[in-house]
Amino acid sequence: MDKISTFSEIKILSRQYKNAYKTIVFTNGCFDILHAGHVKYLTHAAEFGDVLILGLNSDNSVKRIKGEKRPVLSQDHRSYVIASLACIDHVVLFDEPDPEKLIEAICPDVLVKGADWSEDQIIGADFVKRNGGRVERVILEPDISTTKIIERIGTLYYGR
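Numbering (the UniProt record's numbering), first residue to last: 1 to 160.
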């Protein structure tokens, strides 16, 4: 799928978008088991600009953050499903525990995270603001998360 880009490709594409005066929006996450809360969040994020680039944690990165049993779905599966969303322009994998290097390469005009993050906790916020951009925090859907879905499956099928 041509929406899935490498680090090198996204650097070039970002420059092209900037040269065309497009507003670049960036967000990131694991997005393991895509659900309605994710879709609403990403749709809202896309409304902040012309191009939405999503930094997707690689399988190794997710394991470091969430533990050995995660991700449930592989990075190839997750990137394909996310790239299929109309609101997404590009998906780029990153292997680091945070997207700082990717944010600095893209230099987005708008950095979006969930409102569960305070602005001082958001990786890349200072960089984006220093470079003339802004940070937006989106209110998340209550009571839905990948972890809760996994727990519900465990309860329904395995009595855990």
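Glycine included, C-beta positions come from ideal geometry on N, C-alpha and C.
(request) Indicate the three-state DSSP secondary structure (helix, strand or coil) for arginine 78 in the structure shown. (result) If DSSP states are grouped into helix, strand and coil, arginine 78 belongs with the helices.
(message) To the nearest angstrom, how far is the alpha carbon of valine 62 from that of histidine 77?
(response) Separation of valine 62 and histidine 77 (C-alpha to C-alpha, rounded to the nearest whole angstrom) is 14 Å.
(message) Looking at the secondary structure, which residues open and close the beta strand (DSSP E) in which lysine 27 lies?
(response) Sequence inspection shows threonine at residue 27; the lysine mentioned does not correspond to that position. Note, threonine 27: beta strand (DSSP E), 24-29.
(message) If you reduce the DSSP assignment to three classes, tell me which class glycine 37 lands in.
(response) In the displayed model, glycine 37 falls within a helix according to three-state DSSP.
(request) Write down every uninterrupted run of the alpha helix (DSSP H) in the UniProt domain "Cytidyltransferase-like" (26-152) whose length is 4 residues or greater and which is fully enclosed by it, in chain order. (result) Along the length of the UniProt domain "Cytidyltransferase-like" (26-152), whole alpha helix (DSSP H) runs at least 4 residues long occupy 36-46, 59-66, 75-83, 100-106 and 125-130, reported in chain order.
(message) Count Cβ pairs between the segment 16-28 and the segment 108-123 that sit closer than 8 Å; are there 3 or more?
(response) As far as the Cβ criterion goes, the segment 16-28 touches the segment 108-123, which means the pair count is three or higher.
(message) Using C-beta distances below 7 Å, list every residue in its chain close to proline 99, excluding the 5 sequence neighbours before and after it, in chain order.
(response) Only Asn28, Gly55, Ile123 and Gly124 meet the Cβ criterion.
(message) With DSSP as the reference, identify every bridge partner of isoleucine 4, one or two as the case may be.
(response) The partner list for isoleucine 4 (beta bridge, DSSP) reads Val91.
(message) Helix, strand or coil, according to DSSP, for glycine 154 in the structure here?
(response) Three-state result, glycine 154: helix.
(request) Could you name the residues of the same chain whose beta carbon sits closer than 8 Å to that of isoleucine 10, not counting the 5 residues immediately before and after it, in chain order? (result) Same-chain partners within the cutoff: Ile53, His90, Val92, Leu102, Ala105 and Ile106.
(request) Mark glycine 49 as exposed unless 16 or more other C-beta atoms lie within 10 angstroms of its C-beta, in which case mark it buried. (result) The residue in question, glycine 49, is buried, as its Cβ has 16 or more Cβ neighbours within 10 Å.
(message) Can you list, in chain order, the residues of its chain with a C-beta nearer than 8 Å to that of proline 33? Leave out the 5 residues immediately preceding and following it.
(response) One point to set straight first is that residue 33 is isoleucine, not proline, in the sequence displayed. These residues qualify, in order along the chain: Val72, Leu73, Thr146, Ile149 and Ile150.
(message) Please report the straight-line C-alpha distance between lysine 129 and glutamate 68, rounded to a whole angstrom.
(response) CA-to-CA, the gap between lysine 129 and glutamate 68 works out to about 35 Å.
(request) Going by CA-CA distance only, name the one from Asp120, His35 and Glu141 that's closest to arginine 134. (result) The candidate whose alpha carbon is nearest that of arginine 134 is Asp120.
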